[in-house]
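The structure appears right after this line, and notes come after that.
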Amino acid sequence: MQFQTTRTDAQIEAAFQEAAEQYAAFGVNAHEAVDKAADVPISLHCWQADDVAGFETKDEAVEGGGIMATGNYPGRARNGDELRADLKQAIDLLPGRHRANVHASYGDTGGKVVDRDRLEPEHFAGWISWAKENGIGLDFNPTYFAHPKANDGFTLAHPDVEIREFWVRHGVASRRIAEAMGIALEDVCVNNHWIPDGAKDHPADRYGPRERLVESLDAVLDPALGIGPACVDAVEGKLFGLGVEDYTAGSNDFYANYALSRGAVLCLDMGHFHPTESIADKISSHLPFHDRLLIHTSRPIRWDSDHVVLFGDDVRNVFLEIVRCDALDRVYVALDFFDASINRIGAYVIGARATRKAILYALLDPTRQLKELEREGKLAQKLALMEDMKTMPFSAVWDMTCLKTGVPPGAAWIPEMEAHEKDVLSTRT
Ligand code: RNT
Ligand code: ZN
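Position 225 of the sequence shown, counted from 1, bears residue number 236 in the numbering used here, the numbering being contiguous throughout.
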């Protein structure tokens with residue numbers, strides 16, 4: 012199978028010029044779209060490289076906590092250096108700016124058991140120096156799962172005050188680490204809080220855990236802690252998880268209210284809603300109230316919320332809405348999926364390229380014309396133009412984005428993934 016494109020740079024450029032003219036006819040500047048799309052940072056989640064396992068030295072058995080990667084494709088990253096090398100390999104095949112999204116369970120404690128509430132910025136020094144060397148921004152996440160104190164399925168909302176306090180201390184520790192990352196990189200570091208807390212079946216008390224969650228989160232985010240603006244906290248809701256099918260304390264409604272009342276960023280994960288619920292429609296409902304949103308691009312299939320993102324209507328529509336709301340600078344974009352059944356570098360590249368394509372596709376939208384037609388009541392014309400945009404020569408603009416950013420266009424990245432698998436992944440036994 013030949014994946015390598017046979018087209019020359021000149022041919023890609025010529026196809027782009029032709030496409031740009033077609034877009035220009037609708038008032039769209041394809042040159043600008045390419046530059047803008049490449050400039051949006053996409054945060055790559057470290058946990059795709061090792062199936063959310065983490066690198067902690069543990070002395071007790073733990074259960075998952077509502078998320079799980081299925082599959083056993085060879086080549087899983089086994090330590091920080093391997094994981095960072097994999098992330099770098101993925102980034103080298105991706106057009107545009109990237110960040111790395113690190114979970115608290117990916118620190119380096121030098122083989123010592125350091126419990127989550129004792130984690131310090133120094134345990135992430137390897138990440139910080141790597142990020143500096145490579146010009147990559149960092150984001151962070153407290154890990155409120157895969158821990159003995161999460162085995163009951165409750166963390167920040169646990170009925171036992173000591174367990175709650177342990178997780179509050181972890182939340183605070185995560186904020187100090189995020190702040191240190193942001194300061195070291197002269198940037199902000201988005202620190203996203205997701206907890207698995209919930210119930211498999213009809214809880215009699217749906218209020219109590221939520222009341223406790225408010226109290227715990229308020230303690231984590233307490234301004235008196237003096238944590239500076241380099242740490243930007245986000246909160247992520249969810250509809251259900253494995254084993255918590257009936258009730259999730261941190262639902263989307265809960266966090267929308269919480270974030271709004273506390274000045275935190277609301278995170279919308281595309282896998283965390285009812286299958287027929289439109290995440291795209293939520294954008295314009297939240298933006299009048301929330302300064303910023305964090306989007307986790309993911310793809311739900313039946314019971315799983317974490318399949319590799321593809322360039323489908325769901326992701327396209329989310330970014331179309333963001334662009335139509337003129338809010339690209341008000342969203343943080345991060346990937347969130349984990350597939351252990353395919354080459355993991357491939358998973359990163361497929362999902363990150365799909366997300367970047369959706370951003371580019373949205374930037375090629377003739378928004379001004381569409382809104383004008385709508386105002387004039389020319390609704391068939393509007394619908395027809397929307398429909399016609401779908402078959403415009405988008406691929407020529409995408410390939411130009413790859414060419415301009417120095418990465419393989421089209422499917423031409425596949426041979427590099429295969430070479431990396433042969434040279435690197437296959438040696439990890
Ligand atoms: C889980 C949430 C959360 C996690 C990561 C590992 O359902 O989506 O974002 O995927 O924190
Ligand atoms: Zn998520």
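Using N, Cα and C, we set each Cβ at its ideal position, and we do this for glycine too.
7 angstroms Cβ shell around residue i - same chain, five flanking residues per side excluded
i                 : result
tyrosine 34       : Ala41, Leu375 and Met403
lysine 47         : Leu374
isoleucine 370    : Ala48, Val51 and Phe330
phenylalanine 177 : Asp128 and Lys160
threonine 378     : Val334 and Arg335
tryptophan 58     : His114 and Phe349
Cβ shell of residue i (< 6 angstroms), same chain only, five flanking positions each side left out
i              : result
valine 329     : Ile290 and Ala291
glycine 122    : Thr68
arginine 439   : Gly86
isoleucine 206 : Tyr155, Thr166, Leu167 and Gly261
glutamate 71   : Pro159
alanine 358    : Gln59, Val319 and Asp350
Residue i - partner residues in DSSP beta bridges
i              : result
arginine 129   : BP columns for arginine 129 are empty, so no partner.
asparagine 202 : Phe151 and Asp244
isoleucine 312 : Asp315
threonine 258  : The sequence as given places tyrosine at residue 258; threonine does not occur at that position. Bridge partners of tyrosine 258: Ala210.
leucine 55     : Ala111
isoleucine 306 : Leu279 and Val344
glycine 252    : Val255
Cβ neighbours of residue i in the same chain (closer than 8 angstroms, five flanking residues each side left out)
i              : result
histidine 213  : Asp257 and Tyr258
histidine 181  : Ala115, Arg127, Asp128, Leu130, Pro153, Thr154 and Tyr155
isoleucine 353 : Gly82, Tyr84 and Val319
asparagine 90  : Phe66
glutamate 29   : Pro404 and Ala407
Proximity of residue i and residue j at Cβ, strictly below 9 angstroms
i                 : j                 : result
glutamate 24      : leucine 414       : yes
glycine 77        : glycine 274       : no
threonine 308     : threonine 366     : yes
tyrosine 269      : aspartate 150     : no
alanine 230       : valine 183        : yes
glycine 164       : serine 54         : no
arginine 355      : alanine 60        : yes
phenylalanine 348 : aspartate 317     : yes
tryptophan 424    : valine 360        : yes
cysteine 242      : arginine 187      : yes
proline 170       : proline 234       : no
phenylalanine 265 : leucine 298       : no
glutamine 100     : histidine 431     : yes
glycine 254       : lysine 211        : yes
alanine 363       : leucine 346       : yes
leucine 271       : phenylalanine 251 : no
Beta-carbon separation (whole angstroms), residue i vs residue j, contact threshold 8 angstroms
i             : j                : result
leucine 104   : valine 418       : 6 angstroms
glutamine 380 : phenylalanine 37 : 6 angstroms
lysine 368    : tryptophan 409   : 6 angstroms
arginine 341  : arginine 303     : 5 angstroms
serine 227    : valine 179       : 5 angstroms
beta-carbon residue i near the ligand PLP non-hydrogen atom, thresh 8 angstroms
i           : result
glycine 252 : Looking for the ligand PLP in the displayed structure turns up nothing; the ligands present are the ligand RNT and the ligand ZN.
If contact is defined by three or more beta carbon pairs under 8 angstroms, each pair taking one atom from either stretch, is the stretch 389 to 399 in contact with the stretch 75 to 83? no
Are at least three pairs of beta-carbons, each pair with one atom in the stretch 268 to 284 and one in the stretch 241 to 256, less than 8 angstroms apart? yes
Between the stretch 100 to 115 and the stretch 160 to 169, do at least 3 Cβ pairs fall closer than 8 angstroms? no
Say whether the stretch 54 to 68 touches the stretch 332 to 339, bearing in mind that this needs 3 or more beta-carbon pairs closer than 8 angstroms, one atom from each stretch. no
Three or more C-beta pairs below 8 angstroms linking the stretch 117 to 132 and the stretch 188 to 198: yes
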